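In the working numbering, the protein residues as written are 64 to 392.
C-beta atoms are modelled at their ideal positions from N, C-alpha and C, and glycine is treated no differently.
Bear in mind the structure is a predicted one, so any value in this text is a computation, not a measurement.
Working notes for the structure below.
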Ligand code: ADP
Ligand code: MG
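Here it is in structure tokens:
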């Protein structure tokens, strides 16, 4: 095995489970670590040229997304955020993007990129009640934004792990899938096959599903993950962690307008939630009570030996591959 997930397995191999501090309830392998008292702790990093390009979005968008993707991991545990810290690596050549001729570097209409990134982070922090309480600033060859968040679930609700699904659970997703991947494709190809306005917003300004995640925690579900790498890849994480298989009804997968089913199944950057629930009616009732859009039931979990399967409209069954985004390292 090579790639990001094999690397994470090797890291896990370096930590002796016997050495884990009693304050650690869940370590490497879930959307957040869970510490004593149900405290949630996670970190995500965005790198210029890998996760974003400043000719495709504004520095404020980058800041917003850097926090929002972390908040999505808090949502994926059914938690609420408490605070964040930010590690910023700023290229020494940081300068305002496209300042007018003669504009000063300190012209507040065109502040340096790092200032604009921080404005985006604070905008998301204010929107979602996750105050910025510290961090670190350094210079380096490339713009890199690392954000760490802490959060918690409100008692008596427990954090929802990836590992609790059992065969026979209903599988749900929130929202619609594929719009961000479509927008990325549009940007990469420099041409449109669908009106990209909403899709570009989904890509650059993702909305962490915090209210939905909290509703999921209240609905007595068995497992949850946020869809950051693509439904195929992220559902496979639930299957691996829970030792179950899955049978997904392709027709039931909520596909964004103008997007192909394939892209909805494999594309990344959706930041919707995928979860398994023993009592699907209770899920629908809790979402309705909270005034949230009903999540889509897309299939069921099965015995692990049945594997991960996709059933098309005609009833044809095929493997549901672990496709999705993975860093090659
Ligand atoms: P997510 O997409 O939810 O942010 P990732 O796929 O990035 O999760 O990571 C999977 C798991 O591996 C998470 O539990 C994460 O904390 C852990 N992980 C990733 N990179 C590292 C690392 N360098 N050191 C320790 N744990 C890591
Ligand atoms: Mg996640």
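Distance, residue j Cα to residue i Cα
i: residue 159; j: residue 176; result: Confidence at residue 159 is low in this model, with a pLDDT of 47, below 50, so its placement is unreliable and no value can be given for it.
i: residue 337; j: residue 373; result: 16 Å
i: residue 70; j: residue 90; result: 16 Å
i: residue 131; j: residue 247; result: 18 Å
i: residue 355; j: residue 265; result: 19 Å
i: residue 306; j: residue 364; result: 10 Å
i: residue 376; j: residue 324; result: 12 Å
i: residue 393; j: residue 148; result: It is not possible to answer for residue 393, since the shown part of the chain is limited to 64 through 392.
i: residue 238; j: residue 213; result: 25 Å
i: residue 185; j: residue 126; result: 8 Å
i: residue 348; j: residue 141; result: 17 Å
i: residue 162; j: residue 371; result: Because the pLDDT of residue 162 is 44, which lies under 50, any placement of that residue in the model is unreliable, and the question is left without a value.
i: residue 200; j: residue 313; result: 46 Å
i: residue 106; j: residue 369; result: 34 Å
i: residue 98; j: residue 294; result: 27 Å
i: residue 88; j: residue 253; result: 46 Å
i: residue 241; j: residue 74; result: 31 Å
i: residue 64; j: residue 174; result: With a pLDDT of 46 at residue 64, under the threshold of 50, the predicted position of this residue should be treated as unreliable, though the coordinate-derived value follows. Answer to the nearest angstrom: the Cα atoms are 45 Å apart.
i: residue 331; j: residue 92; result: 19 Å
i: residue 223; j: residue 206; result: 33 Å
i: residue 108; j: residue 150; result: 9 Å
i: residue 83; j: residue 195; result: 29 Å
i: residue 300; j: residue 119; result: 30 Å
i: residue 170; j: residue 367; result: Reliability of the predicted coordinates at residue 170 is poor, the pLDDT of 48 falling under 50, and the value obtained from them is presented with this limitation in mind. Roughly 60 Å between the two C-alpha positions.
i: residue 269; j: residue 136; result: 12 Å
i: residue 316; j: residue 95; result: 26 Å
i: residue 283; j: residue 346; result: 8 Å
i: residue 249; j: residue 79; result: 45 Å
i: residue 124; j: residue 251; result: 18 Å
i: residue 357; j: residue 334; result: 16 Å
i: residue 320; j: residue 362; result: 21 Å
i: residue 197; j: residue 291; result: 26 Å
i: residue 379; j: residue 225; result: 28 Å
i: residue 165; j: residue 296; result: With a pLDDT of 45 at residue 165, under the threshold of 50, the predicted position of this residue should be treated as unreliable, though the coordinate-derived value follows. Straight-line Cα distance between these residues: approximately 49 Å.
i: residue 168; j: residue 350; result: Confidence at residue 168 is low in this model, with a pLDDT of 40, below 50, so its placement is unreliable and the value that follows should be read with caution. C-alpha separation (whole angstroms): 49 Å.
i: residue 202; j: residue 382; result: 46 Å
Any non-hydrogen atom of ligand 1 closer than 8 Å to residue i Cβ
i: residue 217; result: no
When the options are compared against residue i, the one with the closest alpha-carbon
i: residue 19; options: 84, 308, 297 and 285; result: Not covered by the structure: residue 19. The range shown for the chain is 64 to 392.
i: residue 128; options: 303, 274 and 180; result: 180
i: residue 110; options: 103, 122 and 101; result: 122
i: residue 298; options: 104, 327 and 385; result: 385
i: residue 278; options: 218, 313 and 353; result: 353
i: residue 275; options: 139, 146 and 318; result: 139
i: residue 341; options: 320, 227 and 183; result: 227
i: residue 280; options: 359, 311 and 143; result: 143
i: residue 178; options: 154, 190 and 193; result: 154
i: residue 191; options: 272, 251, 113 and 118; result: 272
i: residue 234; options: 379, 360 and 85; result: 360
i: residue 219; options: 100, 366 and 382; result: 100
i: residue 232; options: 104, 103, 84 and 310; result: 310
i: residue 304; options: 315, 339, 115 and 321; result: 339
i: residue 245; options: 350, 326 and 316; result: 326
i: residue 289; options: 182, 308, 282 and 236; result: 236
i: residue 328; options: 182, 243 and 202; result: 243
i: residue 112; options: 208, 146 and 193; result: 208
i: residue 188; options: 217, 216 and 146; result: 146
i: residue 134; options: 182, 103 and 260; result: 103
i: residue 211; options: 221, 193 and 202; result: 193
i: residue 152; options: 115, 204 and 230; result: 204
i: residue 116; options: 267, 383, 287 and 318; result: 267
Any non-hydrogen atom of ligand 2 closer than 8 Å to residue i Cβ
i: residue 232; result: no
i: residue 289; result: yes
i: residue 211; result: no
i: residue 139; result: yes
Cutoff 9 Å: residue i Cβ touching any chain D Cβ
i: residue 280; result: Structure shown: chain D not included; a single protein chain is present.
Continuous beta strand (DSSP E) assignments of at least 3 residues falling wholly in the segment 198 to 257:
With a minimum length of 3 residues, the unbroken runs of beta strand (DSSP E) contained wholly in the segment 198 to 257 fall at 207 to 215 and 233 to 236.
List in chain order the residues whose CB is within less than 6 Å of at least one heavy atom of ligand 1.
Sorted by chain position, residues whose beta-carbon lies closer than 6 Å to a non-hydrogen atom of ligand 1 are 71, 74, 91, 92, 93, 94, 107, 136 and 291.
List in chain order: all unbroken beta strand (DSSP E) runs of 3+ residues lying wholly within the segment 262 to 297.
286 to 290
Mind pulling the alpha helix (DSSP H) runs of 4 or more residues that sit fully within the segment 306 to 350?
Segments of the alpha helix (DSSP H) lying fully in the segment 306 to 350: 324 to 329.
If you scan the segment 91 to 162 from start to end, which runs of the alpha helix (DSSP H) of 4 or more residues do you find wholly inside it?
122 to 138
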